[in-house]
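One structure below.
2 protein chains.
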Amino acid sequence: MYAEESFKKKRERMLSILAWFRLSRFYNQSIRKSNQHLKLWNITVAQFDVLAQVGSTERLSQQELADKLLVTKGNMTQLLGKLEQLGWIQREREWKTKYITLTDEGRALLDEILPVQEQFQADQFGKLTMEEKKQLLNLLKKIQS
Amino acid sequence: MYAEESFKKKRERMLSILAWFRLSRFYNQSIRKSNQHLKLWNITVAQFDVLAQVGSTERLSQQELADKLLVTKGNMTQLLGKLEQLGWIQREREWKTKYITLTDEGRALLDEILPVQEQFQADQFGKLTMEEKKQLLNLLKKIQS
DNA sequence: CACTTTCAGTTTAATACTAAACTGATAAAA
DNA sequence: TTTTATCAGTTTAGTATTAAACTGAAAGTG
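Residue numbers (UniProt numbering), protein chains in the order written: chain Y, 1 to 145; chain F, 1 to 145.
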C-alpha cells in the first residue's frame, strides 16, 4: 500500500519535472526567436511588451505597468528610461505619480510591429488545433488558480 | 465565407496571445519563487540547474552542458567559472575539451537540495491531476515538435 | 611538413532583471 | 503645525543572458 503510493508520487514528480523542462525550453526559445526578428526594428521583447501595454490602456503609472507586466518597479524605471530616451514614450508627472503615454513615434512603431508580433505568437502555437489551444490555456489557468 | 475564416483566425490569435501571457507569467513567477527558497543555500536557480545536470550525467563538456540547458557556451563559461570558484565543480581539460564533474562539496550540496527542488516542482503543478499533467506535457511536446 | 579549417572555450558589450536600500513628496496623526 | 507613515519612483550591486568577436589547439589537406 505504502509502496504503491510512493511509486505514484514518484511518477507525479517526474511528470512535473518533465513538464517544467519543456515549458522553460519553450519559453526561452520563444524569447530568443522573438528578439531575433524584432532586431529589424531595433527593439527588444521587453521593450516591445512595454509599448504594447502602454498602447492598449489609458494612463498607467509606472507601478501599475510593472504589475501588469509582472516585473519590479526598479526594472520599469530602467526600461522606461531607455524607451523615453528613444523617444517612444513620455512620462507625465502628477503628484507623486508618473503617467506613461506613447509619443507619436511610439504609436507608429507599435502599429507597425503589433500585427507581426501577433502573427509570431500565433505561429508559435501553430501546431495545436483550436481545441488544444483552449486546453492548454485552461491548464495554465488552473495551475495558477 | 471570408469573413467567417477571418473571424476564426482572430480567435485563434487571441487564444495564442492569452496562452503566451499565462505561460510567461507562470514561468517568471516560478523562477522568482525558486530563487527565493534557494537563497537558504546561497545558490541560484541557474547555478542549481548546472549542478543538477552535471550530477546526473557522466562527463559532459561545456558545450554539451550548454546544449542540454539550452543556453550559450558563453553563458556556460561564466556560470562554471562561478561554480568552480565556489568549489562545487571542477573542470578537467582533455585535448580541446573541458569536462565538468562535481566536487565532493558539490555532490553533497546537490544531494541536499535536489529533493527539495523536486518537491517544489511537484507543488507548482500540484493543482493538476495526473491526467492533466500528462495532457500538459503532451501539448508542450506537440508545440515544439 | 606547412596551410587552412574547424571547433571548444573565452571575452566583451549590451540588455534584462531582482532585491534592497534610498529619496522625496504626500497624507495621516498628534 | 509638527511629526510620522506611506508610497512612487530611483539607485545600486549582483546575477543572468545573448550575440558576436576572439583565441588557440587539433584535424584535415596538399
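For each residue, glycine too, the CB sits at the ideal point set by N, CA and C.
- For Y:L102, the uninterrupted beta strand (DSSP E) segment begins and ends at 97 to 102.
- The beta-carbon of F:E12 is placed less than 8 Å from the nearest beta-carbon of chain Y.
- Residue pairing by DSSP leaves Y:I113 without any beta bridge partner.
- The secondary-structure analysis by DSSP pairs F:L60 across a beta bridge with F:I100.
- The beta carbon of F:L79 lies closer than 7 Å to those of A46, Q47, V50 in the same chain, with the five residues before and after it left out.
- Under the Cβ distance rule, Y:M130 counts among the residues neighbouring chain F, one pair being separated by less than 8 Å.
- Interface with chain Y (8 Å Cβ-Cβ cutoff): F:E118 is included.
- Y:R93 and Y:T103 have their C-alpha atoms some 15 Å from each other.
- For the options Y:R107, Y:L139, Y:D123, the alpha carbon positioned closest to that of Y:S56 is the one of Y:R107.
- For F:P115 and F:E58, the gap between their C-alpha atoms comes out near 20 Å.
- Residue state for F:I89 is assigned as strand, using DSSP reduced to three classes.
- For F:R107, no Cβ of chain Y is located within less than 8 Å of the residue's own Cβ.
- Per the coordinates, the alpha-carbon of F:N42 lies some 47 Å from the alpha-carbon of F:K10.
- Chain-order list of chain F residues neighbouring Y:I43: empty, with the shortest C-beta distance near 18 Å, by a criterion of under 9 Å.
- Taken atom to atom, the span from the alpha-carbon of Y:L83 to that of Y:I89 is near 6 Å.
- One Cα belongs to Y:E118, the other to F:E105, and the distance between them is close to 48 Å.
- Not a single CB atom of chain Y sits nearer than 8 Å to the CB of F:Y99.
- Cβ-Cβ distances below 8 Å link Y:Q121 to nothing in the same chain once the five nearest sequence neighbours on each side are left out.
- DSSP lists Y:T97 as the beta-bridge partner residues of Y:E94.
- Taking Y:L109 as the centre and dropping the five residues before and after it, the same chain places the C-beta of W41, I43, L51, W88 closer than 8 Å to its C-beta, in chain order.
- Interface annotation, Y:N28: in contact with chain F, CB-CB separation under 8 Å.
- At a cut-off of 8 Å, the C-beta of F:W20 has a neighbouring C-beta in chain Y.
- A Cβ-Cβ contact shorter than 8 Å links Y:L140 with F:A19.
- Here DSSP, grouped into helix, strand and coil, assigns Y:N42 to coil.
- Note that the C-beta distance between F:I143 and Y:F21 is not below 8 Å.
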